[in-house]
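J.: If you scroll down you'll find the structure; I have some questions about it.
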Amino acid sequence: MLKYIYEIPLFIFIILAIFTIIKLYQAQKLLEGGAIGRSYRMLMYSGIFFMLWAVDHIYHDLVPLPPELKDFFHFVISHGFLLISMTFIAIAAGIIKKTVGAGPKQ
11 MLKYIYEIPL FIFIILAIFT IIKLYQAQKL LEGGAIGRSY RMLMYSGIFF
61 MLWAVDHIYH DLVPLPPELK DFFHFVISHG FLLISMTFIA IAAGIIKKTV
111 GAGPKQ
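Structure follows, in structure tokens:
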């Protein structure tokens, strides 16, 4: 029972990720056809991979892997989800910078 209690923050993370994805989807629909709407789509994809990372983390905390697969799932799958998430955030930031501009000229 105690190991389930330790996973509560990740369950909350998943709920917040789902909420964020829904809100980003709604915002993207409002901005459809606009130049910045594509960045919201990239942020939605990032949220999905963050959520997959959390699900993977919880699953492997509760269902132990054989030792020979543990490193693969930790370093390749789990870290891969985080890498993909950060890539989508970087793409979204690039889209926003290109759309809005580099900021006010000095």
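The opening residue of the sequence shown carries number 11 in the numbering used here; numbering runs sequentially from there.
We treat Cβ as the ideally placed atom computed from N, Cα and C, and that holds for glycine.
1. Can you tell me whether DSSP reads residue 78 as helix, strand or coil?
2. In the DSSP assignment, the alpha helix (DSSP H) including residue 67 goes from what residue to what residue?
3. Helix, strand or coil for residue 111, going by three-state DSSP, please let me know.
4. Quick one: residues in its chain with C-beta nearer than 6 Å to the C-beta of residue 105, no 5 flanking neighbours on either side, listed in chain order?
5. Tell me which residues share the same chain as residue 30 and place their Cβ nearer than 6 Å to its Cβ, disregarding the 5 neighbours each side in the sequence.
6. Looking at the secondary structure, which residues open and close the alpha helix (DSSP H) in which residue 83 lies?
7. So, helix, strand or coil for residue 11, using DSSP?
T.: In terms of the structure at hand:
1. helix
2. 47-72
3. coil
4. 48, 49
5. 57
6. Where residue 83 is concerned, there is no enclosing alpha helix (DSSP H), given that its DSSP letter is neither H nor E.
7. coil
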